[in-house]
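Take the sequence shown: its position 76, counting from 1, is numbered 108 in the numbering used here, and each next residue is one higher.
To start, the structure itself, in structure tokens.
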Amino acid sequence: MEILVVDDDPALRTALDRALKLEGYRVSFAHDGRQALQMMTSAAQDAVILDLGLPLMDGLEVCRRVRERGDRTPVLMLTARDAVTDRVEGLDAGADDYLVKPFALDELLARLRALLRRTTATPSEGVLKFGDLVLDLQTMEVRRGPRELQLTRTEFRLLELFMRNPRVVLTRSRIFEEVWGYDFGASSNALEVYVSYLRRKLEAEGEPRLIHTVRGVGYTLR
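What follows is the structure, encoded as structure tokens:
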């Protein structure tokens with residue numbers, strides 16, 4: 033598998049090169065945001081490890097532009113910023129996971145494996161339906177009635193989880209583990225933010241609410 037590492041720190045690039053190659057990955061590098069965009073346009077990667085603080089164009093902008101053109105390559109974002117708002121901003125830009133520096137290489141490798149498992153797994157056939165909501169697992173298209181919804185990869189996974197478990201109360205920790213691959217913890221508002229985004233899109237034309245809060249527990253689709 034081909035992994036693109038985008039970081040301007042030579043020491044970190046060297047460490048990641050060694051660790052990834054020991055795991056059997058092929059590794060290529062970009063040193064700034066513009067070079068990263070060029071490389072992602074000219075060749076396919078299985079995943080991208082993307083630093084937030086890049087010269088010429090930061091990681092958030094790189095991620096936004098990649099997602100805007102329909103590229104769904106998994107992105108693991110690296111950053112020194114540890115605030116919840118920063119993590120949410122990175123995920124909302126289209127990153128699939130977010131790792132704060134300094135980090136253990138073992139954790140990075142585990143998160144990378146989780147991303148690759150999610151994207152290389154064979155999707156189930158057909159579509160998921162709940163009321164007037166339809167989610168196509170093959171094309172990743174979502175419709176509510178006649179409306180097509182434009183969802184980010186994370187929003188799609190979150191909605192898929194709800195639609196696979198209709199009328200089931202899903203706890204915060206289960207949602208974090210199944211959608212993000214790890215639990216942000218009780219103090220994080222990342223889930224609330226994403227549920228809010230999803231509700232806004234699902235209810236854009238005044239449709240009835242589908243995702244309901246179960247106070248102190250989590251959420252349910254009903």
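All residues carry an ideal CB built from backbone N, CA and C; glycine is no exception.
Proximal residues to residue i (C-beta, below 8 Å), its chain only, five neighbours per side dropped
i: residue 179; result: 236, 237
i: residue 76; result: 34, 105
i: residue 207; result: 190, 193, 223, 250, 251
i: residue 187; result: 226, 229, 230, 233
i: residue 69; result: 89, 94, 97, 98
i: residue 87; result: 40, 63, 64, 65
i: residue 122; result: 84, 91, 92, 95, 109, 111, 130
For residue j and residue i, believed in contact at Cβ under 8 Å, the rounded distance
i: residue 132; j: residue 114; result: 5 Å
i: residue 107; j: residue 225; result: Not confirmed; about 18 Å, so no contact.
i: residue 55; j: residue 141; result: 6 Å
i: residue 82; j: residue 38; result: 5 Å
i: residue 112; j: residue 85; result: 7 Å
i: residue 43; j: residue 144; result: About 19 Å; that fails the 8 Å criterion.
i: residue 311; j: residue 213; result: Nothing can be reported for residue 311: it is not among the residues displayed for the chain, which extend from 33 to 254.
i: residue 253; j: residue 199; result: 7 Å
Cβ shell of residue i (< 6 Å), same chain only, five flanking positions each side left out
i: residue 52; result: 35, 59
i: residue 183; result: 174
i: residue 168; result: 159
i: residue 127; result: 95, 107, 109
Residue i, enclosing beta strand (DSSP E) - first and last residue
i: residue 48; result: Looking at the DSSP string, residue 48 is not in any beta strand (DSSP E); the run it does join, the alpha helix (DSSP H), is 42-54.
i: residue 246; result: 243-246
i: residue 251; result: 250-253
Secondary structure of residue i, DSSP reduced to three states
i: residue 174; result: strand
i: residue 161; result: strand
i: residue 191; result: helix
i: residue 225; result: helix
i: residue 166; result: strand
i: residue 237; result: coil
Residue range of the unbroken alpha helix (DSSP H) whose run includes residue i
i: residue 183; result: That residue, residue 183, is in no alpha helix (DSSP H); it is neither H nor E in DSSP.
i: residue 205; result: 204-207
Sequence-distant residues of the same chain with beta carbon closer than 7 Å to residue i, five excluded per side
i: residue 49; result: 59
i: residue 211; result: 186, 189, 190, 193
i: residue 176; result: 164, 165, 234, 239
i: residue 245; result: 251
Sequence ranges, alpha helix (DSSP H) only - wholly within the segment 36-121, length at least 4: Runs of the alpha helix (DSSP H) lying entirely within the segment 36-121 and spanning at least 4 residues, in chain order: 42-54, 65-74, 91-100.
Ordered list of alpha helix (DSSP H) runs contained in the segment 119-148, each at least 4 residues: Within the segment 119-148, no complete alpha helix (DSSP H) segment of 4 residues or longer occurs.
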